[in-house]
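J.: Mind having a look at this structure? Questions to follow.
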Amino acid sequence: MSFVEYHEEIREGDVAIVYLSHESMMAVQVRHGAQTQTRYGAIRHSADLIGKRYGTKVTCSKGGWVHVLHPTPELWTMALPHRTQILYSTDIATVTLMLELKPGSVVCESGTGSGSLSHAILRTIAPTGHLYTVDFHQPRAETVQKEFNEHRVDHLVTVANKDVCKDGFGVTGVADAVFLDIPSPWDAVPHAKTALKSSGGRVGSFSPCVEQVQRTCEALTRHGFEELNTLEVVLRVHDVRTVSLPLPDFGPDVSNPEAPPPSASHQAAATLKTTTLPREMPAHTGYLTFATKPRS
855 MSFVEYHEEI
865 REGDVAIVYL
875 SHESMMAVQV
885 RHGAQTQTRY
895 GAIRHSADLI
905 GKRYGTKVTC
915 SKGGWVHVLH
925 PTPELWTMAL
935 PHRTQILYST
945 DIATVTLMLE
955 LKPGSVVCES
965 GTGSGSLSHA
975 ILRTIAPTGH
985 LYTVDFHQPR
995 AETVQKEFNE
1005 HRVDHLVTVA
1015 NKDVCKDGFG
1025 VTGVADAVFL
1035 DIPSPWDAVP
1045 HAKTALKSSG
1055 GRVGSFSPCV
1065 EQVQRTCEAL
1075 TRHGFEELNT
1085 LEVVLRVHDV
1095 RTVSLPLPDF
1105 GPDVSNPEAP
1115 PPSASHQAAA
1125 TLKTTTLPRE
1135 MPAHTGYLTF
1145 ATKPRS
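Following the numbering used here, the numbering of the sequence shown begins with 855 at its first residue and continues without gaps.
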């Protein structure tokens, strides 16, 4: 099992996703003789998981059932242990697009946090790219390194414990893209410029407050970045419902004089599907700012 490579059967050592519902998932490392407790009862790894196909419906000890899924970055985002606030798939998809990531890309990231964005980047740049990710908190850096090892993507990533605003990424002129998810991204802009290739590249940042965006844009402009663009991704889920609408009465059918007039009590109606927006919705997550380093 790897987050960037797929196989059909569950094996010992795999990190599998136990799917209880759309809002409830848990990551489980599969071990011989181990058990995992869920609200539907226990899952026995040796009997219920090892050797079974991913996607299998597993019956728990209390009679309830769950599905066991192959891990993906999207599922990991839903199931990971939160050590920090994280980016979710809506923003992650925009970051991947706007940074123009592809297989073989070299990326620098700070801070690593809980590794939500990191896993999505690794899948995108595999099998020949590389991620240099930095976090100033040593226990967090050590934990995410352990997770990369367990998820078998450690050959694609280098984890460093340092303050990127003071010490940079530790690489020069190698990155195709840089992403900053830190409280003061403007302090890291010079280091992002140093890490990017001389042939140009893209830099992005995530900030919850517009004042942070303003300072970041000032720093980007001061260091010669171009094509500055700030956007906010707002997800609106449409509710689908069925409605019945009366058809208008255009009078007697002149093309068929013998047809009886329509009855007022049996007015024709049309049934159709329509969508409505929710009255309330969670909106702001943060502002995404992107810019381009000009070719030297």
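Each residue gets a CB set at the ideal place from its N, CA and C atoms; glycine is no exception.
Owing to the predicted nature of the structure, the values given are computational and were not obtained by experimental measurement.
Could you tell me which of R1095, V961 and P925 sits nearest to T1129, measuring between CA atoms?
T.: Locating residue 1129 in the sequence shown gives position 275, counting from the first residue. Among R1095, V961 and P925, the Cα nearest to that of T1129 is on R1095.
J.: Terminal residues of the continuous beta strand (DSSP E) containing N1083?
T.: Taking the first residue of the sequence shown as position 1, residue 1083 is located at position 229. Unbroken beta strand (DSSP E) run through N1083: E1080 to L1085.
J.: How would you label P1132, buried or exposed, when you count the other beta carbons within 10 angstroms and need 16 or more for buried?
T.: Taking the sequence shown and counting its residues from 1, one reaches residue 1132 at position 278. The residue in question, P1132, is exposed, as its Cβ has fewer than 16 Cβ neighbours within 10 Å.
J.: Around the Cβ of C1063, are there at least 16 other Cβ atoms within 10 angstroms (buried) or fewer (exposed)?
T.: The residue given as residue 1063 occupies position 209 in the sequence shown. Exposed is the call here.
J.: Kindly indicate which three-state DSSP category Q992 falls into: helix, strand or coil?
T.: In the sequence shown, residue 992 corresponds to position 138, counting from 1. DSSP places Q992 in helix when its eight states are reduced to three.
J.: Quick check on DSSP: helix, strand or coil for D1035?
T.: Within the sequence shown, residue 1035 is the residue found at index 181, counting from 1. Three-state DSSP puts D1035 in coil, outside helix and strand.
J.: I need the straight-line Cα distance from T938 to V998, nearest angstrom please.
T.: Here residue 938 refers to the residue found at position 84 of the sequence shown. Here residue 998 refers to the residue found at position 144 of the sequence shown. If I take the Cα positions, the gap works out to 12 Å.
J.: Nearest to D868 by alpha carbon, out of L951, K1147, V1007 and R994?
T.: Within the sequence shown, numbered from 1, the residue matching residue 868 stands at position 14. The residue with the shortest Cα to Cα distance from D868 is V1007.
J.: Bridge partners of W919, per DSSP?
T.: One-based indexing of the sequence shown puts residue 919 at position 65. Note: W919 sits in a beta bridge opposite T913.
J.: How many angstroms separate the CA atom of N1015 from the CA atom of E996?
T.: Residue numbering aside, residue 1015 sits at position 161 when the sequence shown is read from its first letter. Residue numbering aside, residue 996 sits at position 142 when the sequence shown is read from its first letter. Taking the straight line from one Cα to the other gives about 8 Å.
J.: Could you give the DSSP three-state label for L903: helix, strand or coil?
T.: By 1-based counting over the sequence shown, the position of residue 903 is 49. Helix.
J.: In whole angstroms, what separates the C-alpha of C914 from that of R1149?
T.: Here residue 914 refers to the residue found at position 60 of the sequence shown. Here residue 1149 refers to the residue found at position 295 of the sequence shown. Using only the alpha carbons, I get a separation of about 58 Å.
J.: To the nearest angstrom, how far is the alpha carbon of E877 from that of G1027?
T.: If you number the sequence shown from 1, residue 877 lands on position 23. If you number the sequence shown from 1, residue 1027 lands on position 173. Between E877 and G1027, the C-alpha separation is close to 42 Å.
J.: At a cut-off of 7 Å, is T997 close to the ligand COA when judged by its beta-carbon and the heavy atoms of the ligand?
T.: Among the components modelled here there is no ligand, and therefore nothing to report on the ligand COA.
J.: Report the CB separation of G967 from D1021 in whole angstroms; it is logged as a contact under 8 Å.
T.: For the purposes of this step, residue 967 is taken as the residue at position 113 of the sequence shown. For the purposes of this step, residue 1021 is taken as the residue at position 167 of the sequence shown. At roughly 18 Å, the Cβ-Cβ gap does not stay under 8 Å, so G967 and D1021 are not in contact.
J.: Between which two residues does the beta strand (DSSP E) containing L1089 stretch?
T.: If you number the sequence shown from 1, residue 1089 lands on position 235. Per DSSP, L1089 belongs to no beta strand (DSSP E) and is neither H nor E.
J.: When you compare the CB positions of D1030 and V961, do they come within less than 8 Å of one another, or not?
T.: In the sequence shown, counting from the first residue as 1, residue 1030 sits at position 176. In the sequence shown, counting from the first residue as 1, residue 961 sits at position 107. The answer is yes: Cβ separation under 8 Å.
J.: Are A1123 and L1142 closer than 8 Å when you measure CB to CB?
T.: Against the sequence shown, residue 1123 aligns to sequence position 269. Against the sequence shown, residue 1142 aligns to sequence position 288. Against a cut-off of 8 Å, the Cβ pair of L1142 and A1123 comes out as no contact.
J.: DSSP three-state call for I975: helix, strand or coil?
T.: Within the sequence shown, the letter at position 121 stands for residue 975. Three-state DSSP puts I975 in a helix.
J.: From L971 to F1060, what distance separates their C-alpha atoms?
T.: Here residue 971 refers to the residue found at position 117 of the sequence shown. Here residue 1060 refers to the residue found at position 206 of the sequence shown. Taking the straight line joining both Cα atoms gives about 11 Å.
J.: With distances taken between CB atoms, is the gap from H904 to V872 smaller than 8 Å?
T.: Walking along the sequence shown from the start, residue 904 turns up at place 50. Walking along the sequence shown from the start, residue 872 turns up at place 18. Position check: residue 904 holds Ile in this sequence, whereas His was assumed. Contact: no.
J.: When you compare the CB positions of E963 and I975, do they come within less than 8 Å of one another, or not?
T.: Against the sequence shown, residue 963 aligns to sequence position 109. Against the sequence shown, residue 975 aligns to sequence position 121. Yes. Within cutoff.
J.: Are the CB atoms of L929 and M1156 within a distance shorter than 8 Å?
T.: Given a span of 855 to 1150 for the chain in the structure shown, any question on residue 1156 remains unanswerable.
J.: Please report the Cβ distance between F1023 and V988, rounded to the nearest whole angstrom; I am assuming they are in contact, meaning their Cβ atoms lie under 8 Å.
T.: The count along the sequence shown starts at 1 and reaches residue 1023 at position 169. The count along the sequence shown starts at 1 and reaches residue 988 at position 134. About 6 Å; that satisfies the 8 Å criterion.
J.: Since M845 is in the beta strand (DSSP E), which residue starts that stretch and which ends it?
T.: Past the edges of the chain, shown from 855 to 1150, lies residue 845, and the structure says nothing about it.
J.: Taking the beta carbon of D902 as the centre, do at least 16 other beta carbons fall within 10 Å, making it buried, or is it exposed?
T.: Along the sequence shown, one-based indexing puts residue 902 at 48. By the neighbour-count rule (16 or more Cβ atoms within 10 Å), D902 is buried.
J.: Taking the C-alpha atoms as reference points, what is the distance between P1136 and S1038?
T.: Taking the sequence shown and counting its residues from 1, one reaches residue 1136 at position 282. Taking the sequence shown and counting its residues from 1, one reaches residue 1038 at position 184. If I take the Cα positions, the gap works out to 25 Å.
J.: Could you check the C-alpha separation between G983 and G917 for me, to the nearest Å?
T.: On the sequence shown, residue 983 is found 129 positions in, with the first residue counted as 1. On the sequence shown, residue 917 is found 63 positions in, with the first residue counted as 1. Approximately 45 Å between the Cα atoms of the pair.
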